Amino acid sequence: MTPPRARTWGRKGSTPVVGVRGRGSGRVSIAGMTCYKPGERSRLFYAIREYRGRKNEPKGFGWKDYRDLVIRAHTQLGGPIVLVWDNLRMHLVAPLREFFEANASWLTVFQLPTYAPDLNPQEGIWSLVKRDLGNLAAADLSQVTRAVKRKLKMLQYRPEVIDGCLVGTGLTLST
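Sequential numbering from 20 applies to the sequence shown in the working numbering.
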């Protein structure tokens, strides 16, 4: 619940201050995929998880959650997938690699270099979501979650913005 910082406006000579309450417990985790295919509209798939600090509640996404996201994308797209992963530790675990090997008929996986956020179009999506949260003074975690869902849903219906995230990386699609 640490609020993100953003620029805003205020009267000349007085700095606007927005008080935010909260203990800092809880967070919103997001996993997402941008999907591109020449001649078709770009797609965005995502999953959201709230962590409120309760006993036995997972803090973030596990390998099964990432697997399920890939399966959901495959089901909705109805074709083979070339997955370009960043090097998140959870993306490199053995069960996920076994899943990739078992589904090699429709899934090809490439790893990005060790630290290359500038090559990852998904980072552009996260930047747009965070920019929208900059001036949000949420009273609780559910308001943050709603704002994130609203922004991601809006991005799903704007394929030109998703295309712009790919263009921002300097990468291109080849058939």
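In this text, a Cβ means the ideal position worked out from N, Cα and C, and glycines have one as well. None of the values given here were measured: they were computed from a predicted structure.
Hey, out of the options, whose CA is closest to residue i's CA?
i	options	result
residue 95	74, 135, 52	52
residue 192	110, 97, 71, 101	101
residue 189	35, 25, 26, 135	135
residue 138	175, 103, 109	103
residue 151	158, 159, 160, 171	171
Within 10 Å of its beta-carbon, does residue i have 16 or more other beta-carbons around it, so buried, or fewer, so exposed?
i	result
residue 132	exposed
residue 129	exposed
residue 65	buried
residue 61	buried
residue 148	buried
residue 163	buried
residue 111	exposed
residue 36	exposed
residue 107	exposed
Which of the three DSSP states, helix, strand or coil, is assigned to residue i?
i	result
residue 2	With the chain represented from 20 up to 194, any question about residue 2 goes unanswered, as that position is not in the structure.
residue 129	strand
residue 47	strand
residue 76	coil
residue 85	helix
residue 104	strand
residue 179	helix
residue 94	helix
Taking only heavy atoms of the ligand ZN into account, decide whether any of them is closer than 7 Å to the Cβ of residue i.
i	result
residue 75	Inclusion of the ligand ZN in the displayed structure is not the case, the ligand content being empty and no account of it being possible.
So residue i and residue j are supposed to be a Cβ contact under 8 Å. How far apart are they, rounded?
i	j	result
residue 48	residue 79	5 Å
Are three or more beta carbon pairs between the region 163-181 and the region 82-90 nearer than 8 Å? In short, these stretches do not touch, since the Cβ pair count stays below three.
Say whether the region 132-145 touches the region 182-193, bearing in mind that this needs 3 or more beta-carbon pairs closer than 8 Å, one atom from each stretch. Counting Cβ pairs under 8 Å, three or more are found: they touch.
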